[in-house]
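Position one of the sequence shown corresponds to residue 377 (the numbering used here), numbered consecutively onward.
From the three backbone atoms N, C-alpha and C, an ideal C-beta is built for every residue, glycine too.
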Amino acid sequence: MVVLNGNSNHALAADICSELGLEPGRAEVDRFPDGEISVSLGEDVRGKDVFIVQSTCPPVNENLLELLVMIDCVKRSSAARITAVIPYFGYARQDRREQGARVPISAKLVANLIVTSGADRVVTMDLHCEQIQGFFDIPVDHVYAGASIIEHFKAKNMENLVVVSPDVGAIKMARAYSKGLGARLATVDKRRVSGTEIEIGFVIGDVDGLNAILADDVIATGGSITAAANIVLEKGAKSVSLACTHPLLCGPAVERLMGSPAQEFAFVDTIPVDGKISDDRVSMLSCAPAFANAIRKIHKSALIGRSSL
Numbered sequence: 377m378v379v380l381n382g383n384s385n386h387a388l389a390a391d392i393c394s395e396l397g398l399e400p401g402r403a404e405v406d407r408f409p410d411g412e413i414s415v416s417l418g419e420d421v422r423g424k425d426v427f428i429v430q431s432t433c434p435p436v437n438e439n440l441l442e443l444l445v446m447i448d449c450v451k452r453s454s455a456a457r458i459t460a461v462i463p464y465f466g467y468a469r470q471d472r473r474e475q476g477a478r479v480p481i482s483a484k485l486v487a488n489l490i491v492t493s494g495a496d497r498v499v500t501m502d503l504h505c506e507q508i509q510g511f512f513d514i515p516v517d518h519v520y521a522g523a524s525i526i527e528h529f530k531a532k533n534m535e536n537l538v539v540v541s542p543d544v545g546a547i548k549m550a551r552a553y554s555k556g557l558g559a560r561l562a563t564v565d566k567r568r569v570s571g572t573e574i575e576i577g578f579v580i581g582d583v584d585g586l587n588a589i590l591a592d593d594v595i596a597t598g599g600s601i602t603a604a605a606n607i608v609l610e611k612g613a614k615s616v617s618l619a620c621t622h623p624l625l626c627g628p629a630v631e632r633l634m635g636s637p638a639q640e641f642a643f644v645d646t647i648p649v650d651g652k653i654s655d656d657r658v659s660m661l662s663c664a665p666a667f668a669n670a671i672r673k674i675h676k677s678a679l680i681g682r683s684s685l
C-alpha cells in the first residue's frame with residue numbers, strides 16, 4: 377500500500393499516514409514555468425494499492441487538476457488499484473438543475489473527470505448531497521465526521537442540549553448528532569436569495585433555555601450559520617456552538633464568525649485553516665482516524681460500515 381498526496385492538505389495526509397503506520401509516499405507535485413502541473417513519482421508503484429489524498433478545496437480548480445494529473449501519473453505507472461481520497465469534494469453544491477435554469481451539473485462533470493482520469497474508487501467525507509455517490513461509475517465510500525464531533529461535545533458534559541440544523545438540507549446530519557448526544561432537535565427555516573445572500577425565517581422546535589449546537593457540513597461565507605446562531609439566541613437559547621465538517625471560510629466568513637456570539641467553533645480538518653482564523657473559540661477535530669480506518673479496510677477488502685454517522 378502507498379499513500380500519496382497533492383498540495384491541498386499536507387498536514388492531514390501526514391496524519392493519515394501516521395495513523396496507518398506508514399511513511400508518506402514520495403511524489404513531487406510542482407508547476408512548470410507556464411503554470412502547468414508537474415507530477416513525478418519518487419518510488420515504484422507498479423502492482424501496488426495506491427491511495428491519493430487530495431481535497432478539492434480552494435484553490436478549487438488547481439487542487440482538482442492536481443488530483444486528476446496525479447491519478448493519471450499513477451495509472452500510467454501501472455498501479456494495481458487507485459483510490460482517490462477526497463476529504464472535501466468541491467463542486468458538490470452544483471448537483472442539480474433548478475427548474476428552468478440553464479446551468480451545468482458540475483458535480484457530475486467532476487465525477488466523470490475523476491473516473492476518466494483512471495481512479496478505481498473514491499473515499500470522501502460528508503458529501504453535501506449523498507446522492508452524488510450515484511454520479512460515479514466506480515465505488516464510492518462515504519465516511520462521516522459525526523463520531524468525532526459527537527465525542528467532542530460529549531466530553532464537555534453539557535446539559536440541556538439541542539442540536540439545530542441551520543436549514544432543511546442539514547436536518548439529517550443534525551438528527552444524527554442529536555441522537556448521538558441524546559439532545560433535542562430543531563431547525564431554522566432558511567431561503568437562499570443568491571449564492572451569497574440568505575433570508576432567515578423562523579425556528580422550528582424549542583430552543584428556549586437550551587444550549588444549542590448548530591451543525592452543518594460546509595461553512596462558505598458564513599452567512600447562513602451566523603444568521604441562524606443569532607436567531608436561535610433571539611428565541612431564548614442559553615448558548616450556541618457551531619460544528620462544521622468543511623470550513624471553507626471564503627470571503628467575509630472569518631469576519632462574520634469573529635463577530636458571532638457563538639462560544640465555540642468545532643471544525644474538522646478536511647480543509648486547512650491555518651492562517652485564516654485565529655481564535656480561542658476554535659477547536660480543530662482530526663478526520664485522520666476515520667480516513668485511515670477506511671483506507672485500511674479498503675486495502676483488506678473489509679466492510680467499512682457506517683459507524684461514524
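| Item | Value |
| --- | --- |
| From Val630 to Gly423, what distance separates their C-alpha atoms? | 45 Å |
| Since Asp425 sits in a beta bridge, which residues does DSSP pair it with? | Arg457 |
| May I have the straight-line CA-CA distance separating Ile653 from Met634, to the nearest angstrom? | 9 Å |
| Helix, strand or coil for Ile526? Go by DSSP, reduced to three states. | helix |
| From the DSSP output, which residues share a beta bridge with Ser541? | Thr563 |
| Which residues bound the beta strand (DSSP E) around Arg407? | 403–407 |
| Quick check on Val450: does DSSP put it in helix, strand or coil? | helix |
| Confirm, please, whether the CB-CB distance from Val461 to Glu442 is below 9 Å. | no |
| Between which two residues does the beta strand (DSSP E) containing Ala588 stretch? | 587–595 |
| From Ala495 to Asp420, what distance separates their C-alpha atoms? | 18 Å |
| Under 8 Å: do the region 538–548 and the region 511–526 share three or more Cβ pairs, one atom per stretch? | no |
| Identify whether Gly577 lies in helix, strand or coil by the three-state DSSP scheme. | strand |
| On the three-state DSSP scale, how would you describe Arg512? | The identity of residue 512 in the sequence shown is Phe, whereas the question assumes Arg. Note: Phe512 maps to coil in three-state DSSP. |
| What is the DSSP secondary structure of Leu489, counted as helix, strand or coil? | helix |
| Suppose you measure from the CA of Phe465 to the CA of Ala588; what does that come to, to the nearest Å? | 28 Å |
| The beta strand (DSSP E) with Val660 in it runs from where to where? | Looking at the sequence itself, residue 660 is Met, so the reference to Val does not match. 658–661 is the extent of the beta strand (DSSP E) around Met660. |
| Excluding the 5 residues preceding and the 5 following Asn536 in the sequence, name in chain order all residues of the same chain whose CB lies nearer than 8 Å to its CB. | Gly585, Leu586, Asn587, Lys614 |
| With distances taken from CA atoms, which of Asp593, Ser677, Thr563 is nearest Val579? | Thr563 |
| In chain order, what residues of the same chain lie with their CB nearer than 8 Å to the CB of Gln639, ignoring the 5 residues before and after it? | Ser615, Val616, Ser617, Arg657 |
| Can you grab the Cα-Cα spacing for the pair Asn383 / Gln430, in whole Å? | 7 Å |
| Quick check: the Cα distance between Leu557 and Cys626, rounded to an integer number of angstroms? | 30 Å |
| Considering only C-alpha positions, which residue in the set Gly411, Asp406, Arg402, Val491 is nearest to Leu444? | Val491 |
| Where Val608 and Phe512 are concerned, what is the direct C-alpha to C-alpha distance, given to the nearest angstrom? | 38 Å |
| By the 10 Å Cβ neighbour count, where 16 or more other Cβ atoms means buried, how is Met660 classified, buried or exposed? | exposed |
| In the structure shown, what three-state DSSP assignment does Cys626 receive? | coil |
| Give a yes or no on whether the C-beta atoms belonging to Val498 and Val516 are separated by under 9 Å. | yes |
| Take Ser683 and list the residues in its own chain whose beta-carbon comes closer than 6 Å to its own, dropping the five residues that flank it on each side. | In this prediction, Ser683 has a pLDDT of 48, which is less than 50 and means its spatial position is unreliable; nothing more can be read from the coordinates. |
| Do Val479 and Val426 have their CB atoms nearer than 9 Å? | no |
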